[in-house]
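Asks: Order-wise, the sequence lines are chains A and B.
Number 153 in our numbering belongs to position 110 of the first sequence; there are no gaps in the numbering.
Number 126 in our numbering belongs to position 125 of the second sequence; there are no gaps in the numbering.
A single structure is presented below for examination.
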Amino acid sequence: MLYRHDVDERPIFARVRLTGQRFEGGVLPVDSLIELQRYQDLVRRFAEARDGGEEAGDLRLVIEKIDEGSADVLLALEQITAQVEVQIGARDELEATLAAAYGDEEISDDLDWDLATEIAQLGSTLTAEQSLVVEPVEDGHPRVEITIETRKRAVEKLDLANFMLAPADEEGSALATVETVLSGRIVELDADRQTFRFDSSEHGEMRGRYLEDDMTPNFRAVLDSSAKAPVTRLEGLLQSRNGSPWRIRDVTSLERFDLDGQPWQDRLKVLAELSAGWGEGADEPQISITSLDAAREILSALAVAGRTLPGVFPTEEGGVSLEWASAKAVRSIEITAEGVFEMFSLGEGDFDGMESEARDLPTAIRFAMGSDA
Amino acid sequence: MTLEIELGEGESLIDPAEGDEMLFRQIPEHLYDPDAGRPASHAFGPATIDAGKPSYGRSSLTTAQESRDWHTEHARKPSIAVYAVTVEEVVSSGTYAVDDSEAPLGPDEARAPGHCFVSYREHDKSDRRRIRAILLRFALDRGEIPTTAAA
C-alpha cells in the first residue's frame with residue numbers, strides 16, 4: 044500500500060499543513076503557494092537525482108483538498124505515470140532529509156549543495172506565530188514542523204545560516220550570480236562530490252563545485268599545498284549572498300601558473316593574482332598566463348646568466364612589461380597577452396627609441412641579455 | 002618635428018618659459034616594482050581611461066604631498082609614491098603640458114589642486130612608448146619626491 048489516504052480515489056501524495064491565524068478556517072493565502080511550489084520542486088529534484096534523468100522529475104502536484112483548523116493541504120499527483128515509484132521514493136527521501144535537518148540526525152554527506160540550498164528555503168516566507176508542517180502520509184516518517192525558530196537551526200545544519208536567514212527578496216533568494224575568473228589556490232578537493240575549497244586571493248577561502256567529471260584530473264593537477272603551489276585561474280559562476288562573495292559554482296575551466304621559488308616569484312604572483320579591473324580604468328583584464336609564463340622564462344634565463352633583472356609590471360592590456368630603467372637609459376620588453384614580444388630601447392642621451400617585435404622567446408631572451416640600463 | 006597643439010575649452014598651454022616648474026606624477030601600487038625600487042614607464046603615460054591626458058600636478062600651485070593626498074582620496078587606486086618631471090623635460094620629449102584648471106567639469110567630477118596633463122593625444126603607440134620612457138628617465142634622475150602616506 045503506497046498511500047495512506049485517498050480522497051475521491053486519488054491517492055494522497057503528501058500533506059502540508061500551514062498553521063497560524065491567517066490560515067485559520069482552511070484559508071490558503073495566495074502568497075503561501077510559493078511554499079507548496081517549493082515542496083513540489085524539491086520532490087522533482089530528488090526524483091531527478093534518483094532516476095538520473097528528467098523524466099522522473101516531470102511531476103505535478105495538485106491541491107486535492109484544504110481542511111479547516113488551519114490550511115491542511117492534501118497534495119496528489121496530477122497524473123500517475125510509470126515513474127510513480129521513483130517519485131514516491133523521492134518524496135520519502137525529501138521527508139527524511141527534512142527530518143534530519145529539523146531533527147537530531149546527521150544530514151547525509153551526499154546531499155547535493157544546491158539541493159541543500161533549496162531545502163533551506165522551504166518555509167522562508169513564514170512569519171512569527173506561523174508554521175509549516177510536513178505531515179507524513181506513510182508510517183515511519185517523523186512529522187517536521189518548520190517555524191522561524193526551527194528553521195534557524197536547520198539552516199545552520201545545512202551550513203547556510205548566514206545566507207538563508209538574511210532578508211530575502213520576493214523570490215525568496217538573496218543570491219546573486221555572475222560569471223567570473225578568480226585567482227588563488229585550490230586547497231582541498233572532494234573528487235567524489237566534485238567540490239573543492241578555493242583560497243581566492245581577492246575574496247578569501249570559499250567552497251566551490253564543478254559539474255563535469257572530466258575536470259577532476261585538472262583539479263588534481265592544481266591541488267598542491269606546498270610553497271610552490273601554482274596560482275590557479277578558475278572560470279565559473281561566483282555566487283554572492285547579501286553582496287558578499289560566497290561560493291563558486293559550475294567551474295568551466297582551470298588555468299595554472301607555476302611558481303618556481305625564485306626571487307621573482309612573489310612579484311609574478313602579485314601579477315597573476317590581479318583581478319580584472321585592477322587598474323585606474325576598472326576594465327583591465329587579468330594578466331594572461333601566456334605572458335606570465337614568458338616573463339618567468341626570461342627572468343630565469345637572466346638569472347642563470349647573471350644578468351640584471353628588470354622591473355616587472357602589468358600592462359593595461361593584460362600583458363607583462365619587463366623594464367630596465369635608469370637615469371641614463373630605458374629598455375623594455377612588453378609581452379602582450381597573446382605572447383608577442385615588443386622590444387624597445389632608449390639609449391643614453393637619446394630622444395628617439397628603437398623598436399622591434401618578435402614572436403619567439405629566444406629572440407626576446409637575446410634582447411634581455413643586452414639590457415643593463 | 003612640428004607638433005600641432007590642441008587645446009580644449011578652459012585649457013591653456015603651460016608656458017615652456019616656466020621650464021623649471023615641476024609636474025608631480027602619482028604612482029599607483031601596480032606600477033611600482035618594490036624589488037626594482039622604481040616605477041614603470043607606463044606610470045608616466047596615459048591609461049585608456051585618460052584619453053591621452055594623464056594627470057600631473059603643478060608645483061607652482063600644489064605640493065607633492067597635497068597632490069598625493071588628493072589622489073589617494075579620490076582616485077580608484079591610492080598613490081604610493083610621487084615622481085616629477087619639469088615642463089622643459091616634457092617639451093624635450095616631444096609633447097607639451099596643459100593647465101586645464103578652467104575646463105568645465107562633468108557632474109560628480111572633481112579636479113585635483115594644480116591639475117594639469119601631459120598631452121599624448123596627438124601621438125601613436127610608438128611615440129607614446131618613447132615619450133613615457135624619456136619622462137621616466139628624467140624622473141629617475143631626479144629621484145622620488147619625498148612624501149608620506151596619508152594617515
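Glycine is no exception: its CB is placed at the ideal position from the N, C-alpha and C atoms.
Owing to the predicted nature of the structure, the values given are computational and were not obtained by experimental measurement.
Mind checking M386 of chain A: buried by the 16 CB within 10 Å criterion, or exposed?
Replies: M386 of chain A comes out buried.
Asks: Would you say the region 97-110 of chain B touches the region 4-11 of chain B, given that touching needs at least three Cβ pairs under 8 Å?
Replies: Output reads yes: the region 4-11 of chain B touches the region 97-110 of chain B.
Asks: Which chain B residues sit within Cβ distance under 8 Å of L389 of chain A?
Replies: Near L389 of chain A (Cβ distances below 8 Å), the residues of chain B are R131, A134, I135, R138.
Asks: So what's R47 of chain A in DSSP terms, helix, strand or just coil?
Replies: Here the model assigns R47 of chain A a pLDDT of 48, short of 50, so the residue's position is not dependable, and the following value carries that caveat. Here R47 of chain A sits in coil by DSSP.
Asks: Three or more C-beta pairs under 8 Å: does that hold for the region 348-365 of chain A against the region 29-47 of chain B?
Replies: Touching, per the Cβ criterion.
Asks: Looking at E136 of chain A: is its Cβ nearer than 8 Å to the Cβ of A143 of chain A?
Replies: Not a contact, by the Cβ cut-off of 8 Å.
Asks: Quick check: what's the CA-CA separation for G413 of chain A versus S334 of chain A?
Replies: When rounded, the distance between both Cα atoms is 20 Å.
Asks: Let's test the definition: count the other Cβ atoms within 10 Å of the Cβ of D212 of chain A and tell me whether it reaches 16, buried, or not, exposed.
Replies: For D212 of chain A, the pLDDT reaches just 43, beneath the cut-off of 50, and the residue's location in the model is therefore unreliable, leaving the point undetermined.
Asks: According to the neighbour-count rule (16 or more other Cβ atoms, all chains shown, within 10 Å of its Cβ), is M23 of chain B buried or exposed?
Replies: By the 10 Å Cβ count, M23 of chain B comes out buried.
Asks: Going along the chain, which residues of its own chain have a beta-carbon closer than 8 Å to the beta-carbon of A41 of chain B, five neighbours each way excluded?
Replies: Around A41 of chain B: L32, Y33, D34, L137.
Asks: My guess is that P29 of chain B and P79 of chain B are in contact by the Cβ rule of under 8 Å, so how many angstroms apart are they, rounded?
Replies: That belief holds up - the Cβ atoms of P29 of chain B and P79 of chain B are roughly 7 Å apart, short of 8 Å.
Asks: If we ignore side chains and look at the alpha-carbon of each, how far apart do E340 of chain A and E366 of chain A end up?
Replies: Near 15 Å, if we compare the C-alpha coordinates of E366 of chain A and E340 of chain A.
Asks: Mind checking whether A65 of chain B and T149 of chain B have CB atoms under 8 Å apart?
Replies: Result no, Cβ atoms of A65 of chain B and T149 of chain B do not sit closer than 8 Å.
Asks: Measuring alpha carbon to alpha carbon, tell me which residue in A:E255, A:D257, A:S287 is nearest E248 of chain A.
Replies: The shortest Cα separation from E248 of chain A among A:E255, A:D257, A:S287 belongs to A:S287.
Asks: Taking the alpha-carbon positions, what's the D393 of chain A to R133 of chain B distance?
Replies: Answer to the nearest angstrom: the Cα atoms are 13 Å apart.
Asks: Please confirm whether P357 of chain A has its beta-carbon closer than 8 Å to some beta-carbon of chain B.
Replies: Yes, P357 of chain A counts as interfacial toward chain B.
Asks: Cβ atoms of L280 of chain A and D293 of chain A: under 8 Å apart, would you say?
Replies: In contact: D293 of chain A and L280 of chain A (Cβ atoms closer than 8 Å).
Asks: How big is the Cα-Cα spacing for S120 of chain B and A219 of chain A?
Replies: Rounded to the nearest angstrom, the two C-alpha atoms are 42 Å apart.
Asks: Does any C-beta atom of chain A lie closer than 8 Å to the C-beta of S93 of chain B?
Replies: Yes, because at least one Cβ of chain A sits closer than 8 Å to the Cβ of S93 of chain B.
Asks: So for K126 of chain B, helix, strand or coil by DSSP?
Replies: In the structure shown, K126 of chain B sits in a helix (DSSP, three-state: H, G or I).
Asks: DSSP on Q80 of chain A, reduced to helix/strand/coil?
Replies: Q80 of chain A: helix per DSSP, three-state reduction.
Asks: If contacts are defined as beta-carbon pairs under 8 Å, then G361 of chain A and I330 of chain A qualify, I think. What distance do you get, rounded to the angstrom?
Replies: With 8 Å as the limit, G361 of chain A and I330 of chain A qualify as a contact, their Cβ atoms being about 6 Å apart.
Asks: Taking only the alpha-carbon atoms, compute the straight-line gap between G166 of chain A and E91 of chain A and give it to the nearest angstrom.
Replies: Roughly 22 Å separates the two Cα atoms.
Asks: Exposed or buried, what is D115 of chain A when buried is set at 16 or more other beta-carbons lying within 10 Å of its beta-carbon?
Replies: With 16 or more other Cβ atoms within 10 Å, it is buried.
Asks: Tell me where the alpha helix (DSSP H) around S60 of chain B begins and ends.
Replies: Taken as a continuous stretch (DSSP letters only), S60 of chain B belongs to no alpha helix (DSSP H), as it is neither H nor E.
Asks: For T168 of chain A, which of helix, strand or coil comes out of DSSP?
Replies: Here T168 of chain A sits in coil by DSSP.
Asks: Classify R290 of chain A: buried if its beta carbon has 16 or more other beta carbons within 10 angstroms, exposed otherwise.
Replies: Buried, because 16 or more other Cβ atoms sit within 10 Å of the Cβ of R290 of chain A.
Asks: Hey, how far is the Cα of R87 of chain A from the Cα of P185 of chain A?
Replies: Rounded to the nearest angstrom, the two C-alpha atoms are 21 Å apart.
Asks: Express the C-alpha separation of S127 of chain B and M397 of chain A in angstroms, rounding to a whole number.
Replies: About 10 Å.
Asks: What's the call for E273 of chain A, buried or exposed, on a 16-neighbour Cβ count within 10 Å?
Replies: Before going further, note that residue 273 of chain A is Pro rather than Glu in the sequence given. The residue is buried, with at least 16 neighbouring Cβ atoms inside 10 Å.
Asks: Would you please verify whether the beta carbon of L106 of chain B is less than 8 Å from any beta carbon of chain A?
Replies: No, L106 of chain B does not count as interfacial toward chain A.
Asks: Return the residues of the region 30-50 of chain B that lie within a Cβ-Cβ distance of less than 7 Å from chain A, sorted by chain order.
Replies: Under the 7 Å Cβ criterion, the region 30-50 of chain B contributes H31, L32, D34, D36, A37, R39, A41, S42, H43, A48, T49, I50.
Asks: Give me the chain B residues within the contact set of E178 of chain A, using Cβ-Cβ distance strictly less than 8 Å, ordered along the chain.
Replies: In chain order: nothing, as chain B lies at least about 57 Å away.
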